[in-house]
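Participant:
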Amino acid sequence: MHDRHGTDGDEGTDGTADATVPRVELTPAAAGLLRQLRAAHGPLMFHQSGGCCDGSAPMCYPAGEFRTGGSDVLLAELEVEGVAEPVPFWISRSQYAVWSHTRLIVDVVAGRGSGFSLEAPEGVRFLTRSRVVDA
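The working numbering numbers the first residue of the sequence shown as 220 and each following residue consecutively.
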């Protein structure tokens, strides 16, 4: 479970993060939940916004169900053992600006979020933890 992008740096001009952007990591629990969700829903995607409440949690959707555009950055394409295709991890451009010097760690915690993320019926929710990296 790693991303296809490298270490820290800047966003590319095409809305994708280049090979030097902050990494996104998955905990073993998050990877396990993604395998379960992939089996039930098909290809997946994440979107991390900078909204309030659960809007600041990473939301997991069926691939293509959340429309991304110029206000979003493709931060990583996560490879998860047991999942056939990478899981794109998008982040809002405004949140990317705030978290550009952090490593994002996607974890799973008990409790239901109030969003539309696929894991909600499972009684758990994804949570982003961050760790500052050298600028």
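Virtual Cβ for every residue (Gly too), placed ideally from N, Cα, C. Only a predicted model underlies this, so the values are computations on that prediction, with no experimental measurement involved.
If we count the other Cβ atoms within 10 Å of its Cβ and call it buried at 16 or more, is ARG348 buried or exposed?
Facilitator: Reading the sequence shown from its first residue, position 129 is the one you call residue 348. Label assigned to ARG348: exposed.
Participant: My output table needs one value for PRO247: the three-state DSSP class, helix, strand or coil.
Facilitator: Residue numbering aside, residue 247 sits at position 28 when the sequence shown is read from its first letter. Helix.
Participant: With 16 as the cutoff for other CB atoms within 10 Å, does ARG350 come out buried or exposed?
Facilitator: Here residue 350 refers to the residue found at position 131 of the sequence shown. By the neighbour-count rule (16 or more Cβ atoms within 10 Å), ARG350 is not buried but exposed.
Participant: Could you check if ALA249 is buried or exposed, using at least 16 other CB atoms within 10 Å of its CB as the buried criterion?
Facilitator: Walking along the sequence shown from the start, residue 249 turns up at place 30. The residue is buried, with at least 16 neighbouring Cβ atoms inside 10 Å.
Participant: Could you pull out every residue in the same chain whose Cβ sits closer than 6 angstroms to the Cβ of PRO340, ignoring the five residues on either side in sequence?
Facilitator: For the purposes of this step, residue 340 is taken as the residue at position 121 of the sequence shown. Taken in chain order, the list of residues that qualify is empty.
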